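A.B. asks: Below is the structure I would like to discuss, written out as structure tokens.
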Amino acid sequence: MSLKIAFLIYNGVAELDFIGPKGVFFASNWLRKEQDHLYLVASSLEPITTLEGMKVPPDYDFASAPLPDILVVPGSADPAPQLDQPDLLKWVEQASRHCTWTTSICTGAAILLAAGPAKGRRITSHWMMRDALRLQNEATVIDNVRYVVDDHLVTSAGVSAGIDMALWLVGELRGPEHAREVQHALEYYPEPPYQLETTGAVR
């Protein structure tokens, strides 16, 4: 069964936050020779400018976007502008109610908290954002993990952690063996030259 997978984008969004997970879902499509519908959604059809300066045209605006089966909410260096956009928060809340899976990467968790889906749940975010989220006292914020699964809400830590989260979700949707094939196709075997201690996932 094909799925509709929506990626929220906006001015200032961090590129890897959405391009990393999108690449994982694309590789899954390619290996299965099936076509989950992967699409970018923004407040208008005008191209957005990412944090790093790339111009990205959305596929849909909020009014025209199909309701997704999976929602991916990426983060930015500062989520405050997005938290002040009622139309963005409304769309995220509505899309999340329709979703089987609602996900965020990095500071995208702040958007999910403001829009409602993350309230009262266990979440994580970029390490620079976790204390601010904890001060809101609206969710249980988990430290030092790559991603947190709370029922059908999945939040990841910063930036590259979205790839881990997406691989886990592909495994849930299509089976662990297929997720391993996706990881192999992407040659995703992280071996950074400088190691920091962290753990994997919380369920």
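Counted from 1, the sequence shown has number 81 at position 84 by our numbering; the numbering is strictly sequential.
Cβ coordinates follow ideal geometry from the N, Cα and C atoms, glycine included.
Every value quoted in this text rests on a predicted model; they were computed, and no experiment measured them.
Mind checking whether residue 71 and residue 11 have CB atoms under 9 Å apart?
C.D. replies: Taking 9 Å as the Cβ cut-off, residue 71 and residue 11 qualify as a contacting pair.
A.B. asks: Buried or exposed: which applies to residue 19, given that a residue is buried once 16 or more other Cβ atoms fall within 10 Å of its Cβ?
C.D. replies: Buried, by the Cβ-count rule.
A.B. asks: Between the C-alpha atoms of residue 105 and residue 79, what's the straight-line distance to the nearest angstrom?
C.D. replies: Rounded to the nearest angstrom, the two C-alpha atoms are 10 Å apart.
A.B. asks: Please return the same chain residues whose Cβ sits closer than 8 Å to the Cβ of residue 123, not counting the five positions on each side in sequence.
C.D. replies: Taken in chain order, the residues that qualify are 72, 103, 104, 154, 155, 156.
A.B. asks: Who are residue 37's beta bridge partners in DSSP?
C.D. replies: Answer by DSSP bridge pairing, in chain order: 4.
A.B. asks: Report the rounded CA-to-CA distance for residue 114 versus residue 88, giving the unit in angstroms.
C.D. replies: Distance between the alpha carbons of residue 114 and residue 88 is about 12 Å.
A.B. asks: Tell me whether residue 177 sits in a helix, a strand or coil according to DSSP, three-state version.
C.D. replies: Correct three-state label for residue 177: helix.
A.B. asks: Which stretch, first to last residue, makes up the beta strand (DSSP E) that contains residue 146?
C.D. replies: Start and end: 144 to 147.
A.B. asks: Start and end of the beta strand (DSSP E) containing residue 101?
C.D. replies: Taken as a continuous stretch (DSSP letters only), the beta strand (DSSP E) holding residue 101 covers 98 to 101.
A.B. asks: Taking a contact to mean a Cβ-Cβ separation below 9 Å, would you say residue 6 touches residue 45 in this structure?
C.D. replies: Cβ distance < 9 Å, so residue 6 and residue 45 count as in contact.
A.B. asks: Starting from the C-beta of residue 146, find all residues in its chain whose C-beta is less than 6 Å away, skip the five residues before and the five after it, and write them out in chain order.
C.D. replies: If we look at residue 146 and ignore the five residues flanking it on each side, its Cβ neighbours are 200.
A.B. asks: Please go through the stretch 46 to 78 and give each complete beta strand (DSSP E) segment of 3 or more residues, from N-terminal end onward.
C.D. replies: The stretch 46 to 78 contains these whole beta strand (DSSP E) runs: 67 to 70.
A.B. asks: Given a threshold of 16 other Cβ atoms within 10 Å of its Cβ, counted over all protein chains shown, does residue 186 qualify as buried or as exposed?
C.D. replies: Exposed, because fewer than 16 other Cβ atoms sit within 10 Å of the Cβ of residue 186.
A.B. asks: Grab the span of the beta strand (DSSP E) containing residue 89 for me, first residue to last.
C.D. replies: From DSSP, residue 89 is part of no beta strand (DSSP E) but of the alpha helix (DSSP H) over 83 to 95.
A.B. asks: By Cβ distance, which residues of its chain are closer than 7 Å to residue 31, with the 5 residues on each side in sequence left out?
C.D. replies: Around residue 31: -1.
A.B. asks: For a test of your reading of the model: does the CB of residue 52 fall under 8 Å from any non-hydrogen atom of the ligand ZN? Yes or no.
C.D. replies: By its list of ligands, the structure shown contains no ligand whatsoever, and the ligand ZN lies outside what it can speak to.
A.B. asks: Identify which residue in 143, 64, 177 has its Cα closest to the Cα of residue 193.
C.D. replies: It is 143.
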